Amino acid sequence: MNLYHSNYSAKAFYIHQLDSLSRLKQAALIVQKAIYTCKADHCGCEETRKVWHSNVLTHVLTSKHVYYSTDAVERNDDNSSIFAVASMTADGELTTLYVDPAFKLFGHGKAMLQFMEGIARDAEIPVVDLESSATARPFYMRYGYREILGMAPKRGAGKSWNFPMHKEIDLALL
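Under our numbering, the final residue of the sequence shown carries the number 162; numbering is consecutive throughout.
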């Protein structure tokens, strides 16, 4: 369990490893709501949203590291809200980071990103890679991620585009 405080909210939140079916279902709803709000990425195309959601859930199910933020101290408190979900592969690819739209701008995305970078650092992974949507690109750039030189945006699900990005992790902080 990891405790985080946000500058934007008086309420503390905690980050736990995702390890129950009920939490997975809640995380899937967060992803679905967040994708729906990314209209600039899917252009309102229902088929694009469905494929995108399916791809993200596949990442969550197959990633080594899957975490969520919540207001519950105990991981097994299934009655608490999930604010955000993130997943990363064993080799440092951040495959998922979504925040419930109702809880955006409270620091959950930043905390989850820093937490996942900490996992990479602890595993001595020197670079975190990701493919960002157009909507999320400014968020990642704000926290030090850069587009990979020479790699053009790639067609994502349906009408969406993915922007390959990465950030070097300072392993000296170990």
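Built from N, CA and C at the ideal position, the CB exists for glycine as well. These numbers come from a predicted model, not from an experiment.
- In this structure, isoleucine 70 places its C-beta atom within 8 Å of the C-beta atom of alanine 15.
- Within its own chain, the residues whose Cβ lies closer than 6 Å to the Cβ of phenylalanine 91, once the five positions on either side in sequence are excluded, are Phe71, listed in chain order.
- Assignment of leucine 85 by DSSP, reduced to helix, strand and coil, places it in the strand class.
- Comparing alpha carbon positions, the residue from Ala122, Gln102, Thr25 closest to methionine 153 is Ala122.
- Annotation: the continuous alpha helix (DSSP H) that includes lysine 98 extends over 96 to 110.
- Going by C-alpha positions, valine 116 is about 21 Å away from valine 19.
- Burial check for arginine 11: the Cβ neighbour count within 10 Å reaches 16 or more, so the residue is buried.
- The shortest C-alpha to C-alpha distance from alanine 160 to any of Leu85, Ile23, Leu17, Ala108 is the one to Ala108.
- Distance check between glycine 80 and each of Gly97, Tyr2, Leu118, Gly95 places Leu118 closest, using alpha-carbon atoms only.
- Here tyrosine 56 is buried, its C-beta having at least 16 other C-beta atoms within 10 Å.
- Annotated three-state conformation of serine 10 is helix, per DSSP.
- Serine 8 counts as exposed, since fewer than 16 other beta carbons sit within 10 angstroms of its beta carbon.
- For leucine 137, the secondary structure class from DSSP, reduced to helix, strand or coil, is coil.
- One Cα belongs to alanine 99, the other to methionine 129, and the distance between them is close to 15 Å.
- Taken through DSSP and simplified to helix, strand or coil, proline 152 comes out as strand.
- Here leucine 6 is buried. Its C-beta has 16 or more other C-beta atoms within 10 Å.
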